[in-house]
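Report on one structure; see the data block that follows.
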Amino acid sequence: MIFFTLPEGDISVGLPHVLEISPTDAAAFGQLFADYELLPPFRQPDRNSYALTEAERNASELTRWAGRKCPSGRVMGLANKGWMRGEPQDGGWIGWMIKPLGRWSLIMEIDEGFTVGMSPAELSAEQLLRKLWLWEGKAESYGWGVIQHRKRSSPYSMPSPPAS
């Protein structure tokens with residue numbers, strides 16, 4: 003076992019966020035943990051990250067994940083990570099999630115969606131990711147009429163990328 007003493011003073015030790023370092027450095031951190039048989043208390047250097055392609059940076063809709071299925075619980079869990087549930091429609095149905103990004107909002111349209119007050123046991127096992135796109139506007143003012151008339155959508159390269 004290796005021990006060392008930190009110098010006196012206001013010292014802190016931390017791990018870099020995966021988006022703040024290169025994939026090579028992230029792999030090196032992962033190898034360092036493996037070499038010393040350290041189990042980090044949370045996933046950090048080895049977590050997945052996805053860079054936008056040039057075509058994606060110049061598009062208003064991100065199609066890479068369109069048509070993929072995702073566990074319903076993970077989609078609903080986005081509400082605990084800064085996403086908002088879409089505005090309930092007829093019968094309390096919610097068919098999208100929104101990530102506020104300042105004056106922009108990231109919209110994720112899902113199918114079959116869920117209803118207000120639905121328990122996890124009532125959810126279908128998976129949600130179909132239909133569309134992911136950037137909308138210029140506050141998340142709180144986004145509604146179904148906007149989906150029908152996406153005149154204010156813009157390329158992904160417009161806002162500063164989120165840190166996480």
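When we follow the working numbering, the leftmost residue of the sequence shown carries the number 3, and every step to the right adds one.
Every residue gets a Cβ at the ideal spot worked out from N, C-alpha and C, and that includes glycine.
Note that this is a predicted model, so its numbers are computed, not measured.
Closest in alpha carbon position to ALA127, among LYS101, ALA36, GLU56 and SER74, is SER74. Each of GLY84, ARG70, ALA29 and SER62 was checked against the Cα of LEU136, and the nearest Cα belongs to SER62.
As the crow flies, the alpha-carbon of TYR38 is around 46 angstroms from that of GLY119. Taking every protein chain shown into account, the CB of PHE116 has 16 or more other CB atoms within 10 angstroms, so this residue is buried. Judged by beta-carbon spacing, TRP98 lies beyond the 7 angstroms limit of GLU138, meaning their Cβ atoms are not closer than that value.
Here ILE112 is buried, its C-beta having at least 16 other C-beta atoms within 10 Å. Nearest to TRP85 by alpha-carbon distance, out of ARG59, GLN91, THR26 and ARG76, is ARG76. Here DSSP, grouped into helix, strand and coil, assigns GLN129 to strand. Looking at the DSSP output, PHE116 sits in a beta bridge with ILE96.
Counting along the chain, the unbroken alpha helix (DSSP H) around PRO25 starts and ends at 25-37.
Within its own chain, no residue has a Cβ closer than 8 angstroms to the Cβ of ASP12 once the five positions on either side in sequence are excluded.
Taking the CA atoms as reference points, ASP27 sits about 19 angstroms from LEU54.
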